[in-house]
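>
There are 2 protein chains.
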Amino acid sequence: MSEKATTVQDVARTAGVSTATVSRALSTPDKVSERTREVVFKAVEQTGYRVNRAARNLRTQRSNTALVILPDLSNPFFSEILEGISDHLSGTGYSMLVAGMTQIRDSGERLIDYLNDGRADGMIVLDGSLPQDAISSLTAPTHRDKIVFACEWTNQADFPSVRSRNRQGARDAIRHLYDLGHRKIGHITGPEGNVLSLERRDGAVAELTGLGIAPRAEWVIPAGFSLPDGRKAAQRFLKLKDRPTAIFCASDIQAIALISELQRHDIRVPNDLSVVGFDDIEMAEFVTPALTTIRQDRFQLGYAAAVLLMECISKDSSRDYAQIHQIPTNLVPRDSTAPLLP
Amino acid sequence: MSEKATTVQDVARTAGVSTATVSRALSTPDKVSERTREVVFKAVEQTGYRVNRAARNLRTQRSNTALVILPDLSNPFFSEILEGISDHLSGTGYSMLVAGMTQIRDSGERLIDYLNDGRADGMIVLDGSLPQDAISSLTAPTHRDKIVFACEWTNQADFPSVRSRNRQGARDAIRHLYDLGHRKIGHITGPEGNVLSLERRDGAVAELTGLGIAPRAEWVIPAGFSLPDGRKAAQRFLKLKDRPTAIFCASDIQAIALISELQRHDIRVPNDLSVVGFDDIEMAEFVTPALTTIRQDRFQLGYAAAVLLMECISKDSSRDYAQIHQIPTNLVPRDSTAPLLP
DNA sequence: CTGAAAGCGCTAACAT
DNA sequence: ATGTTAGCGCTTTCAG
Numbered sequence: 001m002s003e004k005a006t007t008v009q010d011v012a013r014t015a016g017v018s019t020a021t022v023s024r025a026l027s028t029p030d031k032v033s034e035r036t037r038e039v040v041f042k043a044v045e046q047t048g049y050r051v052n053r054a055a056r057n058l059r060t061q062r063s064n065t066a067l068v069i070l071p072d073l074s075n076p077f078f079s080e081i082l083e084g085i086s087d088h089l090s091g092t093g094y095s096m097l098v099a100g101m102t103q104i105r106d107s108g109e110r111l112i113d114y115l116n117d118g119r120a121d122g123m124i125v126l127d128g129s130l131p132q133d134a135i136s137s138l139t140a141p142t143h144r145d146k147i148v149f150a151c152e153w154t155n156q157a158d159f160p161s162v163r164s165r166n167r168q169g170a171r172d173a174i175r176h177l178y179d180l181g182h183r184k185i186g187h188i189t190g191p192e193g194n195v196l197s198l199e200r201r202d203g204a205v206a207e208l209t210g211l212g213i214a215p216r217a218e219w220v221i222p223a224g225f226s227l228p229d230g231r232k233a234a235q236r237f238l239k240l241k242d243r244p245t246a247i248f249c250a251s252d253i254q255a256i257a258l259i260s261e262l263q264r265h266d267i268r269v270p271n272d273l274s275v276v277g278f279d280d281i282e283m284a285e286f287v288t289p290a291l292t293t294i295r296q297d298r299f300q301l302g303y304a305a306a307v308l309l310m311e312c313i314s315k316d317s318s319r320d321y322a323q324i325h326q327i328p329t330n331l332v333p334r335d336s337t338a339p340l341l342p
Numbered sequence: 001m002s003e004k005a006t007t008v009q010d011v012a013r014t015a016g017v018s019t020a021t022v023s024r025a026l027s028t029p030d031k032v033s034e035r036t037r038e039v040v041f042k043a044v045e046q047t048g049y050r051v052n053r054a055a056r057n058l059r060t061q062r063s064n065t066a067l068v069i070l071p072d073l074s075n076p077f078f079s080e081i082l083e084g085i086s087d088h089l090s091g092t093g094y095s096m097l098v099a100g101m102t103q104i105r106d107s108g109e110r111l112i113d114y115l116n117d118g119r120a121d122g123m124i125v126l127d128g129s130l131p132q133d134a135i136s137s138l139t140a141p142t143h144r145d146k147i148v149f150a151c152e153w154t155n156q157a158d159f160p161s162v163r164s165r166n167r168q169g170a171r172d173a174i175r176h177l178y179d180l181g182h183r184k185i186g187h188i189t190g191p192e193g194n195v196l197s198l199e200r201r202d203g204a205v206a207e208l209t210g211l212g213i214a215p216r217a218e219w220v221i222p223a224g225f226s227l228p229d230g231r232k233a234a235q236r237f238l239k240l241k242d243r244p245t246a247i248f249c250a251s252d253i254q255a256i257a258l259i260s261e262l263q264r265h266d267i268r269v270p271n272d273l274s275v276v277g278f279d280d281i282e283m284a285e286f287v288t289p290a291l292t293t294i295r296q297d298r299f300q301l302g303y304a305a306a307v308l309l310m311e312c313i314s315k316d317s318s319r320d321y322a323q324i325h326q327i328p329t330n331l332v333p334r335d336s337t338a339p340l341l342p
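Residue numbers (the UniProt record's numbering), protein chains in the order written: chain P, 1 to 342; chain C, 1 to 342.
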């Protein structure tokens, strides 16, 4: 028993103007005389009119919607990035469609379809590990201007992207430990093949080398970003004969799980071991000891990605690709690092 | 220089049939002869055709999109619920639009517009504190069948909803502490006015009372769900002259922050104080001591909400409202609770 | 089972 | 500055 929604026709009738005028008054108010504008607005209010997006989308060939692709919807790491994205999008009248790669794969959909079938005007990809076929379809000239990577990225194509200064962040972490007197410094890596893992590891190695410290292979412990990975890394650490006095972890949650597991084995942080994380998740400040970490501004990351995407979409001129925006990171010293005891 | 997308027309031409037949072959394959179906499918493949959603949406007056409303996009608590929702939606060909109430408010949009203007066919609301005017507009007969609450809910209208057995969960927490010998049991509440806070507090009080323990007002510490709230609660706790030997927290992150802060003041958990949380976030298992908590199945919560929404949307018969689906919770005993020492 | 034709509601030429 | 008109691409009566 749904009463018919009001249309431009209704508004036009009540306002005593043509539908075209109504449309103009709404989307390009300056192309209409002040008087008509008022009349139309009044009619809109009276009738409670709302433009029908489906109709507008069909006509304009735009959806005013952006798709955000996460590797994994359940990963809480992305929430703040989402907020940053949404914050800018909603300000520009865009809606945010969110999908996880797991679900996309399972449902047999293709990313490119969202762009082709009019569901989204562009997309922000937070997953640096898209399957090869997805990437190559997205690099088609029709689409490449509608895609922006954020946080992670892919080296297999030169999409514009927004990312943290991962390498510099890693260097800062190592430098911090060095300045505290540590010389035996280890690193727990992120997942193998992940771009972030690589950057952070390379940054750490570069800084160590620059400081005249030869990185020791057994102190670079391969892991992943997750909590279980941190725990496993701790177990590997415990088996080391000669242990480092400081560790740089590729992620905060990994660091938190590592510390927790080490504490169970009576290794005290920071007394026995200094630990630096990466991310500065909210929890970092609230664990004991509070975690020293490299902060990345996830809100900003998302926000900048949204800005960049909107630029890409709107810009008609041919663009320079491989635009990379880097968001600064910064060291947040807390209680999980301490000067090396003599 | 975007080459024109292929349309039904193109497919119809290559298949040598009418556009109507193509449409039928695609959406209602059984209403078409086997031969034609094959021909059409082949043509679709050849041309790389994809239905244009904007056109379909306009024509069918459906968007095949659901809107999910979070109170706060940056809150990581919701990610797993989102995954549950998306998991079901994507299986039914629906897309997921996500928005945070903060952004909605800031952009001056109204929730109801999403339903009216054809952006969404229905919505899942995870925010029990919608403004009054939003709620009343949503209760209009045209819309009430398109809305489902999940996790939180509102008492100001009888929308169908999916929620955890918060009250029972709270009772289980108290009972667990009681069974460990505790008689001096406190509670850190969630934010005032929040439906979850109320249920959990009421459940705790009811169980205490049932066990013959009179709840003590100073042991019910008002707080919120967040990390800072947990820390503040710890500070309140420290000021107590006569302290409880066990505490039930309204959320895990609150409990984690509380324990962390207490540890700094040399209160040992579980030796000096047993703590039970609520939620079973992934971190709960990885803090020290591992947190005893009441698990709510957030994936399931989201999944069930999506199922319920799809039912509501598709069902044409008049429905029984106020349908409430309750998801069981369960106690996960870990190391933050221990028998009361004599 | 299939085709012809109308039209969802809007905007953008084009004409005035 | 405003109105007329066509048509975005699809689905769905209605005929056949």
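For each residue, glycine too, the CB sits at the ideal point set by N, CA and C. The structure presented is a predicted model; accordingly, all values stated were derived computationally and were not measured.
Which residues of chain P have a Cβ atom closer than 9 Å to the Cβ of residue 347(C), listed in chain order?
The structure shown does not extend to residue 347(C), since chain C spans only 1 to 342, so no value can be given for it.
> Can you give the Cα-Cα distance for L73(C) and V17(C), rounded to whole angstroms?
Approximately 48 Å, taken between the alpha carbons.
> Taking 8 Å as the limit between beta carbons, can you name the residues of its chain near G181(C), skipping five residues before and five after?
Correct list, in chain order: P339, L340.
> Kindly list the residues whose CB is nearer than 6 Å to the CB of Q156(P), restricted to its own chain and excluding five residues on each side of it in sequence; keep chain order.
Closer than 6 Å at the Cβ level, and outside the excluded window around Q156(P), lie I135.
> Here's a check: name, in chain order, each residue in its chain whose Cβ is nearer than 7 Å to the Cβ of E83(C), leaving out the five neighbours to either side.
The residues are F299, G302.
> Please compile the residues from chain P whose C-beta is within a distance smaller than 8 Å of the C-beta of G122(C).
Those within 8 Å of G122(C) in chain P number zero; the least Cβ separation is about 14 Å.
> If A150(P) and I294(P) are in contact, beta carbons under 8 Å, what's the gap, nearest whole angstrom?
Going by Cβ atoms, the distance from A150(P) to I294(P) rounds to 18 Å, so no, they are not a contact pair.
> Could you list the residues in the region 255 to 267 of chain P with a C-beta less than 7 Å from some C-beta on chain C, going in chain order?
The residues in question are I256, A257, S260, Q263, R264.
> For L26(P) and chain C, any beta-carbon pair shorter than 7 Å?
Taking Cβ atoms only, chain C never reaches closer than 7 Å to L26(P), which makes this a no.
> Just to confirm before moving on: does the CB-CB distance between G186(P) and I247(P) stay below 7 Å?
Yes. Within cutoff.
> Could you please give the first and the last residue of the uninterrupted alpha helix (DSSP H) stretch that includes F248(C)?
F248(C) -> not in any alpha helix (DSSP H); beta strand (DSSP E) instead, spanning 246 to 249.
> Roughly how many whole angstroms lie between the Cα atoms of H143(C) and L115(C)?
The alpha-carbon atoms of H143(C) and L115(C) are separated by roughly 8 Å.
> With burial defined as no fewer than 16 other Cβ atoms inside 10 Å of the residue's Cβ, what is the status of N194(C): buried or exposed?
Label assigned to N194(C): buried.
> Taking C-beta pairs closer than 9 Å, name the residues in chain P that N271(C) reaches, listed in chain order.
Within 9 Å Cβ-Cβ: nothing; N271(C) doesn't reach chain P, min ~15 Å.
> Just checking, does the region 42 to 51 of chain P make contact with the region 105 to 124 of chain P on the three C-beta pairs under 8 Å criterion?
No, the region 42 to 51 of chain P does not touch the region 105 to 124 of chain P.
> Identify which residue in N64(C), V205(C), L227(C) has its Cα closest to the Cα of S314(C).
That would be N64(C), whose Cα lies nearest to the Cα of S314(C).
> Would a C-beta distance cut-off of 7 Å place F278(C) and S260(C) closer than the cut-off?
No, they are not a contact pair.
> Can you pull the chain P residues whose beta carbon is under 7 Å from the beta carbon of D87(C), in chain order?
The answer, in chain order, is Q103.
> Looking at the C-beta of P76(C), does it have a partner C-beta in chain P at a distance below 7 Å?
Cβ-Cβ to chain P under 7 Å: yes for P76(C).
> Per the contact definition of three or more C-beta pairs closer than 8 Å, is the region 6 to 24 of chain C in contact with the region 326 to 337 of chain P?
Taking 8 Å as the limit for Cβ pairs, the verdict is that the region 6 to 24 of chain C does not touch the region 326 to 337 of chain P.
> Does the contact criterion of 3 or more C-beta pairs under 8 Å hold for the region 156 to 167 of chain C versus the region 324 to 331 of chain C?
The region 156 to 167 of chain C, when compared against the region 324 to 331 of chain C, does touch it at the 8 Å Cβ threshold.
> Roughly how many angstroms lie between the CA atoms of E45(P) and T60(C), to the nearest whole one?
E45(P) and T60(C): Cα-Cα distance of roughly 27 Å.
> Can R62(C) and D117(C) be called in contact, C-beta distance under 7 Å?
No, they are not a contact pair.
> Below 8 Å on the Cβ atoms is my guess for L258(C) versus C249(C); work out the distance and round it to an integer in Å.
Right, their Cβ atoms sit about 6 Å apart.
> If residue 356(C) sits next to I112(C), beta carbons under 8 Å apart, how far is it from one beta carbon to the other, in whole angstroms?
A query on residue 356(C) cannot be resolved here, the shown segment of chain C reaching from 1 to 342 and no further.
> Look up F225(C) in the DSSP assignment and say whether it is helix, strand or coil.
Note: F225(C) maps to coil in three-state DSSP.
> Figure out for me which residue from R119(C), E311(C), G230(C) has the closest Cα to the Cα of N57(C).
The shortest Cα separation from N57(C) among R119(C), E311(C), G230(C) belongs to R119(C).
> Enumerate in chain order the residues of its own chain whose CB-to-CB distance from L97(C) is below 8 Å, with the five nearest sequence positions on each side excluded.
So the qualifying residues of the chain are T65, A66, L67, V68, Y114, R119, A120.
> So which residues of chain P does D106(C) contact, with C-beta pairs closer than 9 Å?
What D106(C) touches in chain P: D87, S90, G91.
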